[in-house]
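Enquirer: Residue 87 is where the sequence shown starts when you use my numbering, and the numbers rise one by one after that. Beta carbons: idealized from backbone N, C-alpha and C, even for Gly. Take a look at the following structure, please.
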Amino acid sequence: MPERPDETPAERADRNFGEILQETRVLQTGVQVLFAFLLTVPFQSRFAELDQVQRGWFLVALSAAAAASIVLAATVGAHRALFGRGIKDAVVRYAHRALVAGLALVGVAVVAGVTLVVDVVVGRAAGIGTAAVAGAAALVLWYVVPVWLRLRR
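Written out as structure tokens, the structure is:
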């Protein structure tokens, strides 16, 4: 979190927490939509036709989306529990870690969900290929490129 020479530590913590909350809001909305959709899937007539591997992909997607929802909401819970205690810097560090973990879980949920759909629509080999491509894209765009940019600076 970059330092600004005209900021006090409290102002920096406030700014950083505000940025984390904005990022969490954007991510949380997508996770909630994905999770809600996944909750309805078993009640569809074709769900019974899924084989064990496809059910496995579904359970991975559902579990990761549920975990992402919980982890992303942890930022709000921590803020509420620690509000007014003068330790916003600790809340910011916790929220940062929760957001990173939530993002990883979103990646797992998206990869598993897309893999399931491609497996059902096109076939197992295409589903596995999709998992590899989507997983690599998430890893590169969400981790490798940002780390590379940070090191380049």
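L202 and A134: beta carbons closer than 9 Å?
Expert: No, these two residues do not count as a Cβ contact at 9 Å.
Enquirer: Enumerated in chain order, which unbroken segments of the alpha helix (DSSP H) with a length of 4 residues or greater are wholly contained in the stretch 150-207?
Expert: The qualifying runs are 174-207.
Enquirer: Decide if D92 is buried, meaning its Cβ has at least 16 other Cβ atoms within 10 Å, or exposed.
Expert: Label assigned to D92: exposed.
Enquirer: Can you list, in chain order, the residues of its chain whose CB lies under 6 Å from that of Y180, leaving out five sequence neighbours each side?
Expert: So the list reads A164, once near-sequence residues are dropped.
Enquirer: State yes or no: is the C-beta of A184 within less than 9 Å of the C-beta of T161?
Expert: Cβ distance < 9 Å, so A184 and T161 count as in contact.
Enquirer: Return the residue from the list A154, L235 and V200 that minimises the CA-CA distance to V192.
Expert: With distances taken between Cα atoms, V192 lies closest to A154.
Enquirer: Taking C-alpha atoms, which residue in R236, V127, D175 and F103 lies nearest to L145?
Expert: Minimum Cα distance to L145 is reached at V127.
Enquirer: DSSP on Q114, reduced to helix/strand/coil?
Expert: Three-state DSSP puts Q114 in a helix.
Enquirer: Going straight from the alpha carbon of I106 to that of G142, what length do you get?
Expert: Cα-Cα distance, rounded: 33 Å.
Enquirer: Classify D92 as helix, strand or coil using the three-state DSSP reduction.
Expert: Looking at D92 - three-state DSSP - the assignment turns out to be coil, as it is neither helix nor strand.
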